[in-house]
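K.L.:
One structure is given below, represented as structure tokens, and several questions about it will come after.
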Amino acid sequence: MSTTESIASSQTSLSSWRKSDTTWTLGLFGTAIGAGVLFFPIRAGFGGLIPILVMLVLAYPIAFYCHRALARLCLSGANPSGNITETVEEHFGKTGGVVITFLYFFAICPLLWIYGVTITNTFMTFWENQLQMPALNRGVVALLLLLLMAFVIWFGKDLMVKVMSYLVWPFIASLVVISLSLIPYWNSAVIDQVNLSDIALTGHDGILVTVWLGISIMVFSFNFSPIVSSFVVSKREEYEAQFGREYTERKCSQIISRASMLMVAVVMFFAFSCLFTLSPQNMADAKRRISRCSPIWRTTLPRCRAPNPPLPPCWSMARRSSPWWPSSNRFSATISARSKG
Numbered sequence: 004m005s006t007t008e009s010i011a012s013s014q015t016s017l018s019s020w021r022k023s024d025t026t027w028t029l030g031l032f033g034t035a036i037g038a039g040v041l042f043f044p045i046r047a048g049f050g051g052l053i054p055i056l057v058m059l060v061l062a063y064p065i066a067f068y069c070h071r072a073l074a075r076l077c078l079s080g081a082n083p084s085g086n087i088t089e090t091v092e093e094h095f096g097k098t099g100g101v102v103i104t105f106l107y108f109f110a111i112c113p114l115l116w117i118y119g120v121t122i123t124n125t126f127m128t129f130w131e132n133q134l135q136m137p138a139l140n141r142g143v144v145a146l147l148l149l150l151l152m153a154f155v156i157w158f159g160k161d162l163m164v165k166v167m168s169y170l171v172w173p174f175i176a177s178l179v180v181i182s183l184s185l186i187p188y189w190n191s192a193v194i195d196q197v198n199l200s201d202i203a204l205t206g207h208d209g210i211l212v213t214v215w216l217g218i219s220i221m222v223f224s225f226n227f228s229p230i231v232s233s234f235v236v237s238k239r240e241e242y243e244a245q246f247g248r249e250y251t252e253r254k255c256s257q258i259i260s261r262a263s264m265l266m267v268a269v270v271m272f273f274a275f276s277c278l279f280t281l282s283p284q285n286m287a288d289a290k291r292r293i294s295r296c297s298p299i300w301r302t303t304l305p306r307c308r309a310p311n312p313p314l315p316p317c318w319s320m321a322r323r324s325s326p327w328w329p330s331s332n333r334f335s336a337t338i339s340a341r342s343k344g
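Be aware that the sequence shown starts at 4, since it is given in the working numbering, and climbs by one per residue.
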């Protein structure tokens with residue numbers, strides 16, 4: 004083979020997109036999308052149309068650049084199989100590594116508690132209210148669900164990511180179906196209330212405060228940092244020996260970028276659909292009660308002034324099942340990160 008053909012072959016290999024890249028893109032998406040998705044439309048839409056438009060502009064840069072920076076930190080280690088704990092110890096010494104690992108643990112550990120409780124509550128609600136089955140012992144249910152999550156993780160990172168990538172599809176479908184099904188109920192209330200002369204930048208309900216508080220929910224909704232270390236190790240083992248670290252970094256950035264774009268597209272479409280469906284009064288009531296979107300839909304949609312078409316069965320099924328996917332995916336990814344990081 005000539006030098007020119009060799010270079011062309013190398014460039015073709017470098018530009019290829021593998022099935023494992025798609026699996027990891029969906030795995031990152033599944034890790035990021037959590038219960039905050041159901042609260043995000045309320046927090047973001049409470050201030051009206053302008054704050055959520057600002058957050059739409061900020062969503063991708065926040066999701067992409069933060070996770071890319073963390074991925075680059077993990078890539079900077081000398082050992083391709085080294086996780087984030089080994090990398091920070093390599094850069095900051097043993098004492099610094101222990102301190103950073105300690106902080107990293109306390110940044111992630113609360114997520115295990117939150118999603119452990121969420122999974123249990125969701126299952127109990129689904130079992131009792133949707134399936135109309137007799138109540139179960141909460142302690143036994145919690146233990147069995149945790150063991151089920153640990154059982155999947157026990158088989159290794161690759162199986163966990165593959166399972167998560169499959170679970171992502173029903174969740175994406177749930178959000179998209181719900182968003183599309185809400186379109187007949189859209190109204191112009193949120194647009195009618197926009198008055199540029201009355202817009203306040205500061206204050207309790209000002210744009211800056213609304214955007215700032217909305218970003219906190221957005222970060223929680225778009226956060227897949229617990230699995231970044233495992234993701235980088237997997238990509239380094241797959242690509243670095245053959246193509247080098249620079250290419251591996253570009254490939255990781257590409258996967259993170261596509262996962263971030265998928266998150267922004269799905270979640271922001273869901274948020275805007277909720278915003279155009281619910282009136283400002285509904286948003287304020289939901290915020291006051293710290294409620295998710297679904298309880299507000301149940302109480303407001305029958306009284307919407309839209310053409311009042313019947314809710315399709317798929318909307319009801321998606322609404323009932325959608326809390327399952329984010330909780331299970333994120334819990335699995337987080338506990339895996341702690342076991343390997």
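Here a beta-carbon is modelled for each residue, glycine too, at the ideal position from N, C-alpha and C.
Give me the residue from Tyr242, Val193, Phe49 and Ile36 with the minimum Cα distance to Trp215.
P.N.:
Taking the sequence shown and counting its residues from 1, the one referred to as residue 215 is at position 212. Here the closest residue by C-alpha is Phe49.
K.L.:
Whole angstroms is fine: what's the gap from Pro83's alpha carbon to Thr26's?
P.N.:
Residue 83 sits at position 80 when you count from the first residue of the sequence shown. Residue 26 sits at position 23 when you count from the first residue of the sequence shown. Computed Cα separation, rounded: 20 Å.
K.L.:
Candidates Ser177, Leu114 and Gln284: which alpha carbon is nearest Asn226's?
P.N.:
On the sequence shown, residue 226 is found 223 positions in, with the first residue counted as 1. Cα-wise, what sits closest to Asn226 is Leu114.
K.L.:
On the three-state DSSP scale, how would you describe Leu151?
P.N.:
Translated into positions along the sequence shown, residue 151 becomes position 148. Helix at Leu151.
K.L.:
Excluding five sequence neighbours on each side, which residues of the same chain lie with their C-beta closer than 7 Å to the C-beta of Ala66?
P.N.:
Along the sequence shown, read from residue 1 onward, the residue named residue 66 stands at position 63. For Ala66, where only same-chain residues beyond five positions count, the Cβ hits under 7 Å are Phe225, Ser263, Met266 and Val267.
K.L.:
Between the segment 176-185 and the segment 272-279, do three or more beta carbon pairs fall short of 8 Å?
P.N.:
yes
K.L.:
Using the rule of at least 16 other Cβ atoms within 10 Å of the residue's Cβ for burial, across every protein chain shown, is Ser19 buried or exposed?
P.N.:
Reading the sequence shown from its first residue, position 16 is the one you call residue 19. Classification for Ser19: exposed.
K.L.:
Just to confirm the assignment: which complete alpha helix (DSSP H) runs, minimum length 4, are found wholly within the segment 97-152?
P.N.:
The qualifying runs do not exist here; there are none.
K.L.:
So, does the segment 44-60 touch the segment 232-241, judging by three or more C-beta pairs under 8 Å?
P.N.:
no
K.L.:
When you compare the CB positions of Ala74 and Glu93, do they come within less than 8 Å of one another, or not?
P.N.:
Reading the sequence shown from its first residue, position 71 is the one you call residue 74. Reading the sequence shown from its first residue, position 90 is the one you call residue 93. In this structure, Ala74 sits away from Glu93, with a CB-CB distance that is not shorter than 8 Å.
K.L.:
Does the Cβ-Cβ distance between Ile230 and Gly30 come in under 8 Å?
P.N.:
One-based indexing of the sequence shown puts residue 230 at position 227. One-based indexing of the sequence shown puts residue 30 at position 27. Yes, the Cβ-Cβ distance between Ile230 and Gly30 is below 8 Å.
K.L.:
Checking 8 Å against the spacing of the C-beta atoms, do Arg46 and Gly217 come in under that value?
P.N.:
On the sequence shown, residue 46 is found 43 positions in, with the first residue counted as 1. On the sequence shown, residue 217 is found 214 positions in, with the first residue counted as 1. It is a contact, given that the beta carbons lie within the stated cut-off.
K.L.:
Using a Cβ-Cβ cut-off of 7 Å (strictly less than) and excluding sequence neighbours within five positions of Ser228, which residues of its own chain qualify?
P.N.:
Residue mapping note: residue 228 aligns to position 225 of the sequence shown, counting from 1. Hits under 7 Å: His70 and Leu73.
K.L.:
Near Thr213, what residues of its chain come up, given a Cβ to Cβ distance below 6 Å and the 5 sequence neighbours on each side ignored?
P.N.:
Here the question's residue 213 lines up with position 210 in the sequence shown. These residues qualify, in order along the chain: Gly50 and Pro54.
K.L.:
I'd like to know whether the C-beta atoms of Pro283 and Ala192 end up nearer to each other than 8 Å.
P.N.:
Working through the sequence shown from its first residue, we reach residue 283 at position 280. Working through the sequence shown from its first residue, we reach residue 192 at position 189. Their beta carbons are under 8 Å apart, which means Pro283 touches Ala192 by this criterion.
K.L.:
Going by other Cβ atoms of all chains shown within 10 Å of its Cβ, with 16 needed for buried, is Asn140 buried or exposed?
P.N.:
What you label residue 140 is simply residue 137 of the sequence shown in a count that begins at 1. The residue in question, Asn140, is exposed, as its Cβ has fewer than 16 Cβ neighbours within 10 Å.
K.L.:
With a 10 Å radius around its C-beta and 16 neighbouring C-beta atoms as the bar for buried, classify Pro64 as buried or exposed.
P.N.:
Translated into positions along the sequence shown, residue 64 becomes position 61. By the 16-neighbour rule on beta-carbons within 10 angstroms, Pro64 is exposed.
K.L.:
In the segment 34-72, which residue ranges form an unbroken alpha helix (DSSP H) of at least 4 residues, counting only runs that do not cross its ends?
P.N.:
Counting only runs of at least 4 residues, the segment 34-72 fully encloses the following alpha helix (DSSP H) elements, listed from N- to C-terminal order: 39-48.
K.L.:
Just to confirm the assignment, what range does the alpha helix (DSSP H) spanning Leu204 have?
P.N.:
On the sequence shown, position 201 is the one that residue 204 refers to. Note, Leu204: premise wrong, no alpha helix (DSSP H); not H, not E.
K.L.:
Measure from the alpha carbon of Phe3 to the alpha carbon of each residue in Arg21, Ser23, Thr28 and Phe32, then state which is nearest.
P.N.:
For residue 3 there is no data in the structure shown, the boundaries of the chain being 4 and 344.
K.L.:
Which residue comes first and which comes last in the alpha helix (DSSP H) that contains Gly217?
P.N.:
As a first step, residue 217 must be located in the sequence shown, where it is residue number 214. Taken as a continuous stretch (DSSP letters only), the alpha helix (DSSP H) holding Gly217 covers Ile210 to Ser224.
K.L.:
Nearest to Leu150 by alpha carbon, out of Thr123, Pro137, Met136 and Lys165?
P.N.:
Within the sequence shown, residue 150 is the residue found at index 147, counting from 1. The option with the nearest alpha carbon to Leu150 is Thr123.
K.L.:
Could you check how far apart the C-beta atoms of Ala62 and Met221 are, in whole angstroms? I think they sit under 8 Å.
P.N.:
For the purposes of this step, residue 62 is taken as the residue at position 59 of the sequence shown. For the purposes of this step, residue 221 is taken as the residue at position 218 of the sequence shown. At roughly 6 Å, the Cβ-Cβ gap stays under 8 Å, so Ala62 and Met221 are in contact.
K.L.:
For Ser84, which three-state DSSP category applies?
P.N.:
In the sequence shown, counting from the first residue as 1, residue 84 sits at position 81. Of the three classes helix, strand and coil, the one that applies to Ser84 here is coil, per DSSP.
K.L.:
Provide the residue span of the alpha helix (DSSP H) that contains Ile194, from first to last.
P.N.:
In the sequence shown, residue 194 corresponds to position 191, counting from 1. Counting along the chain, Ile194 sits inside the alpha helix (DSSP H) bounded by residues Ala192 to Asp195.
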